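Accompanying notes for the structure given below.
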Amino acid sequence: MSEQQTEQTSYDVHAVEAKWRPVWEELQPFAADDAAVLSGEREKRYALTMFPYPSGDLHMGHAEVTALHDVIARYWWQQGFEVLNPMGWDSFGLPAENAAIRNDAHPADYTYGNIDTQHDSFRRYAVSFDWSRRFNTSDPAYYRWTQWLFLKLREQGLAYRKNSPVNWCPNDQTVLANEQVVDGACERCGAEVTKRELTQWYFRTTAYAQELLDCLDELQPTWSDKVVNSQRNWIGRSEGAHVDFVVEGREEPLTVYTTRPDTLFGATFMVVAADAALAGELVTAEQRGALDDYLVEVRKETEINRLSTDRPKTGVFLGVHATNPLTGTRIPVYAADYVLADYGTGAIMAVPGQDQRDWEFAKAFDLPIVRTVEPPADWEGDAFTGEGPAINSANDEIDLSGMGVDEAKATTIAFLERQGLGRGTVNFRLRDWLLSRQRYWGAPIPIIHCPVDGEVAVPEDQLPVELPELRGADLKPKGTSPLGAATEWVEVTCPTCGGPAKRDTDTMDTFVDSSWYFFRYVSPQDETQAFDTTLANAWGPIDLYVGGDEHAVLHLLYARFFTKALRDLGLVDWDEPFSSYLSQGKVINHGRKMSKSLGNGVNLGEQLEEFGVDAVRLTLVFASPPEDNIDWADMSPGGSLKFLQRAWRLSGDVASDAGTPAEGGDVALRRVTHRTVHDAAGLVESHRFNVMVARVMELVNATRKAIDSGCGPADPAVREAVEAVAVLLSLVAPYTAEEMWERLGHRPTVARAGWPQVDEALLVEDHVTCVVQVKGKVRARLEVAPDIADADLEAAALADPAVQRAIDGAPVRKVIVRAPKLVNVVV
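In UniProt numbering, the protein residues as written are 1 to 827.
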């Protein structure tokens, strides 16, 4: 039967979707079997995609990431692996809470309603998730263990509380971790971030700074360079020295960190962060008023403004002097805004000759400038920050003159250590993770504050500390946690002394929930422990994690920290959570990010209604490599639907019985089929999903051509080809593939049919097509042996009648031969 004769055969995408969803619900083909992995019966694969925030229904971004992720998960099933592919919801935190407030709803009602909606949408979208492992981070059964892990980290000294200047979002009315501030603005809402002095809870991520950095070398081959470099830069390891400066009227020396101890001879003043506690300790009584006035102005500035290199330098003299330990010179100490309180010790030695901001400050306050590195002869700038020989750097005991930077640094550090004036030090840009949030919708921090016993951990048998419902309360952000108003919840008895005490009213950052959720998936119903260690070690680490670049620092860094901390608690034996990471691009429209305000949003539900699930999935996978952005304006889901209909029609044209051996069938078609299956495996494993889809399209075309050109629908090679199409399409278009599989006489589900076997003999080409060009235009195509010699190919090309006509008697100047596929005749 020809394709033209089958055009009228109905392919109703929505009827097909409605038909197969209940079948899959009953079969549960993607339920991971722990026993199969523990016994070694099957090799495991753990596939994970970042779980969503339930702040609305699924959107095009969800559609893209899950379509890409599903190609790998389904491929692993077809290859015979036991696959853990779970899904849940990151349901605590600002995105869900803010959405609920905007919609005048209680966060619990709004969040769980959206979870139900997204769950139904995911089911319709036919992603191969194991729904038996579903959970939400806002479930008390989950955050009980978030609180338990917090207490375990606290026992190890990895969770602590301190007072310090913190990032404050004036819009969300809560503190932010450093990682959640992007270019001086809140990562969530874009509001300019300010600083506040607050007592907050932290995780000691810096305890693992070096290991977090070192392990990136192991991840480099399987993570994108962009993500690895983002992590490296954020951790920011630098080698330098801590140098001690004696300060007038102070017993303890003032210690500063510098990456350039070789420039110490050029330190002509010191600068302390104006908002650091140190400034208040050093300032004299006469200068305190000036510092207080200056602080009022400093606190109006964002961190990004303070670090800007193109703004005038301001500051105030603190009334005290320090002594340069190498020159013995008495140098003034200033407070200024271009030094940050959380950098090093909150103070720097200012070397204006080698630092542009110090140069500008020195010029503004008429302070000495001493160059300690010789600039090039043609140097006409201000501070010279490059490398060169040391100058003006000698005293009676040390002489750096003429040394390069590395030698001068080593010599200076050795001298400081001998004299007890300093020590070589490694420093990191990474700061401890501030996890307190002054918001309602999060896991309560399981600490009780007692006037007698101080900070007291909530006993384990009293976990979880559940959120009070606060129905009818105003949950809009006000700068303090709404939980503070829940008097009955806040006021408790101290577990240690039995006296009156109060609960901690802050909640945890939602990134705490998502830093360990992948452990919980291995035993989500376990009520006795956070997760089963045996199962975690059997399933982990995650073989492939799929997500966006926006989490290149935030979530990935926190998850890596948690994994190392839990390893050291003896709860798991992995060092890194994600063996491989696939970063997907974004779905944009008309060259811009989708936005309601721009009027260029694309409604996923409408696309699914118009074209069907498979066409949307196929379009997203086929559009580009996974890491590239997809412009939906350039896409053609209608074209994808036509291709799927074309593939589906093939399944109705097969006339041989199921199980018919393919041997003896059309050899040319069999070669195309086996080459396609062979190449598809490598393309999927290298994440070239779009190319894999293109190869399936070529196979569909080759099969149709074979049927229509005389091979015939009864030829077993046709059945072999169409069955291969069904299995390969099951990775991308599961509804169409399942329908084809049934029409081919097989029982469901095609998702577990197994990868087609490849006959290596059919991969060996007995001939190839050689293109012959004359004057740059294709004039002939020759079928030749793959191993044909250059001379023989040249002779065959020149003897071809079409080539002879194109030459038309003109003298042949040169023949370029690229055997076996190209001959170029120059006349």
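Here a beta-carbon is modelled for each residue, glycine too, at the ideal position from N, C-alpha and C.
Computed from a predicted model, the values in this text were never measured in an experiment.
Look at the alpha carbon of Ala67 and the alpha carbon of Val602, and state the distance between them as a whole number of angstroms.
-> By one-based count along the sequence shown, residue 67 stands at place 67. By one-based count along the sequence shown, residue 602 stands at place 602. Roughly 17 Å separates the two Cα atoms.
Could you check how far apart the C-beta atoms of Val175 and Asn167 are, in whole angstroms? I think they sit under 8 Å.
-> Sequence index remark: in the sequence shown, residue 175 carries index 175 (1-based). Sequence index remark: in the sequence shown, residue 167 carries index 167 (1-based). Right, their Cβ atoms sit about 6 Å apart.
Name the DSSP beta bridge partners of Val271, please?
-> Here residue 271 refers to the residue found at position 271 of the sequence shown. Paired residue(s): Tyr334, Ile348.
Where Trp574 and Arg204 are concerned, what is the direct C-alpha to C-alpha distance, given to the nearest angstrom?
-> Here residue 574 refers to the residue found at position 574 of the sequence shown. Here residue 204 refers to the residue found at position 204 of the sequence shown. Going by the C-alpha atoms only, they are around 20 Å apart.
Residue interval of the beta strand (DSSP E) (run including Asp244) = Indexing the sequence shown from 1 puts residue 244 at position 244. Looking at the DSSP string, the run of the beta strand (DSSP E) that includes Asp244 is 237 to 247.
Based on the DSSP output, what are the partners of Thr505 in its beta bridges?
-> Locating residue 505 in the sequence shown gives position 505, counting from the first residue. The bridge partners DSSP lists for Thr505 come to none.
Buried or exposed: which applies to Arg330, given that a residue is buried once 16 or more other Cβ atoms fall within 10 Å of its Cβ?
-> Along the sequence shown, one-based indexing puts residue 330 at 330. Taking a 10 Å sphere around the C-beta of Arg330, we find fewer than 16 other C-beta atoms and assign the residue as exposed.
Cβ-based neighbour list, Glu187, same chain, cut-off 7 Å, excluding 5 preceding and 5 following = Your numbering for residue 187 matches position 187 in the sequence shown. Cβ within range, chain order: Gln180, Val181.
Give every residue of the same chain whose Cβ lies closer than 7 Å to the Cβ of Arg818, excluding the five residues on either side of it in the sequence, and list them in chain order.
-> As a working note, residue 818 is residue 818 in the sequence shown. Within the same chain, no residue comes within 7 Å of Arg818 by CB-CB distance, once the 5 residues on both sides are set aside.
Rounded separation between Val298 and Ala377 - CA only | The count along the sequence shown starts at 1 and reaches residue 298 at position 298. The count along the sequence shown starts at 1 and reaches residue 377 at position 377. In a straight line, the C-alpha of Val298 is about 39 Å away from that of Ala377.
Three-pair Cβ contact test at 8 Å for the region 541 to 549 versus the region 38 to 55 = Touching, per the Cβ criterion.
For Leu798, name the three-state secondary structure that DSSP assigns.
-> Within the sequence shown, the letter at position 798 stands for residue 798. Correct three-state label for Leu798: helix.
Would you mind sorting Pro661 into buried or exposed? The rule is 16 or more other CB atoms within 10 Å of its CB.
-> Here the question's residue 661 lines up with position 661 in the sequence shown. With fewer than 16 Cβ atoms within 10 Å of its Cβ, Pro661 is classed as exposed.
His321: first and last residue of the uninterrupted beta strand (DSSP E) it sits in | Position 321 of the sequence shown, counted from the start, is the residue given in the question as residue 321. Its beta strand (DSSP E) spans residues 315 to 323.
Cross-strand partners of Glu425 (DSSP beta bridge) = If you number the sequence shown from 1, residue 425 lands on position 425. It should be noted that the sequence gives Thr, not Glu, for residue 425. For Thr425, the beta-bridge partners assigned by DSSP are Gly240.
Shortest alpha-carbon distance to Phe245 belongs to which of Ala322, Ala552, Tyr208, Thr528?
-> On the sequence shown, residue 245 is found 245 positions in, with the first residue counted as 1. Closest by alpha carbon: Ala322.
Comparing alpha-carbon positions, which option in Tyr11, Ser121, Asp116 lies nearest His62?
-> Position 62 of the sequence shown, counted from the start, is the residue given in the question as residue 62. The residue with the shortest Cα to Cα distance from His62 is Ser121.
Nearest neighbour of Asn85, chosen from Asp34, Arg124, Asp57, Leu618 [CA to CA] | Here residue 85 is taken as the residue at index 85 of the sequence shown, counted from 1. Answer by Cα proximity: Asp34.
Start-to-end residues for the alpha helix (DSSP H) that takes in Val298 = Taking the sequence shown and counting its residues from 1, the one referred to as residue 298 is at position 298. Annotation for Val298: the continuous alpha helix (DSSP H) segment containing it runs 285 to 298.
Which residues bound the beta strand (DSSP E) around Glu491?
-> As a working note, residue 491 is residue 491 in the sequence shown. Start and end: 491 to 493.
Span of the beta strand (DSSP E) holding Thr165?
-> Stepping through the sequence shown from its first residue, residue 165 is reached at position 165. Residue 165 is actually Pro in this sequence, not Thr. Judged by DSSP secondary structure, Pro165 falls within the beta strand (DSSP E) whose first and last residues are 159 to 169.
Inspect the beta-carbon positions of Asn392 and Thr372 and report whether they are closer than 7 Å.
-> For the purposes of this step, residue 392 is taken as the residue at position 392 of the sequence shown. For the purposes of this step, residue 372 is taken as the residue at position 372 of the sequence shown. Cβ distance < 7 Å, so Asn392 and Thr372 count as in contact.
Would DSSP call Glu7 helix, strand or coil?
-> Numbered from its first residue, the sequence shown carries residue 7 at position 7. For Glu7, the predicted model reports a pLDDT of 41, less than 50, meaning its position is unreliable; a value from the coordinates is still stated below. Coil, per DSSP.
Which one of Val456, Arg161, Ser55 has the shortest CA to CA distance from Asp116?
-> In the sequence shown, residue 116 corresponds to position 116, counting from 1. Taking only the C-alpha atoms, the option nearest Asp116 is Ser55.
Exposed or buried, Gln5, counting other C-beta atoms within 10 Å across all chains shown (16 or more means buried)?
-> What you label residue 5 is simply residue 5 of the sequence shown in a count that begins at 1. Below a pLDDT of 50, predicted positions are generally treated as unreliable, and Gln5, at 40, falls in that range; the measurement from the model is reported next regardless. Gln5 sits exposed, since fewer than 16 C-beta atoms from the chains shown fall within 10 Å of its C-beta.
Using DSSP with H/G/I as helix, E/B as strand and the rest coil, what is Asp808?
-> Taking the sequence shown and counting its residues from 1, the one referred to as residue 808 is at position 808. If DSSP states are grouped into helix, strand and coil, Asp808 belongs with coil.
Where does Glu197 fall in DSSP's three states?
-> By one-based count along the sequence shown, residue 197 stands at place 197. In the structure shown, Glu197 sits in a strand (DSSP, three-state: E or B).
Local Cβ density within 10 Å of Asp169, reported as buried at 16 or more and exposed below that | As a position in the sequence shown, residue 169 is number 169, starting the count at 1. As written in the sequence, residue 169 is Cys, which differs from the Asp given in the question. The residue in question, Cys169, is buried, as its Cβ has 16 or more Cβ neighbours within 10 Å.
Under three-state DSSP, which class holds Asp399?
-> Position 399 of the sequence shown, counted from the first residue, corresponds to residue 399. DSSP places Asp399 in strand when its eight states are reduced to three.
Near Thr637, what residues of its chain come up, given a Cβ to Cβ distance below 7 Å and the 5 sequence neighbours on each side ignored?
-> Counting from one through the sequence shown, the residue named residue 637 turns up at place 637. The question names Thr, yet the displayed sequence has Pro at residue 637. Once the five neighbours on either side are set aside, the close Cβ partners of Pro637 are Gln607, Phe611, Ala615, Val616, Thr619.
Gly652: first and last residue of the uninterrupted alpha helix (DSSP H) it sits in = Reading the sequence shown from its first residue, position 652 is the one you call residue 652. For Gly652, the uninterrupted alpha helix (DSSP H) run begins and ends at 637 to 653, by DSSP.
Length-filtered (3 minimum) beta strand (DSSP E) runs lying within the region 742 to 781 = DSSP runs (the beta strand (DSSP E)) wholly in the region 742 to 781: 768 to 774.
Straight-line CA distance for Arg671 to Leu763?
-> Position 671 of the sequence shown holds residue 671. Position 763 of the sequence shown holds residue 763. Going by the C-alpha atoms only, they are around 6 Å apart.
Beta carbon of Val23, beta carbon of Pro748: below 7 Å?
-> Walking along the sequence shown from the start, residue 23 turns up at place 23. Walking along the sequence shown from the start, residue 748 turns up at place 748. It is a contact, given that the beta carbons lie within the stated cut-off.
Touching or not, the region 255 to 274 and the region 330 to 339, by the rule of three or more beta carbon pairs under 8 Å?
-> Counting Cβ pairs under 8 Å, three or more are found: they touch.
Nearest neighbour of Gly113, chosen from Leu58, Gln156, Arg560 [CA to CA] = By one-based count along the sequence shown, residue 113 stands at place 113. That would be Leu58, whose Cα lies nearest to the Cα of Gly113.
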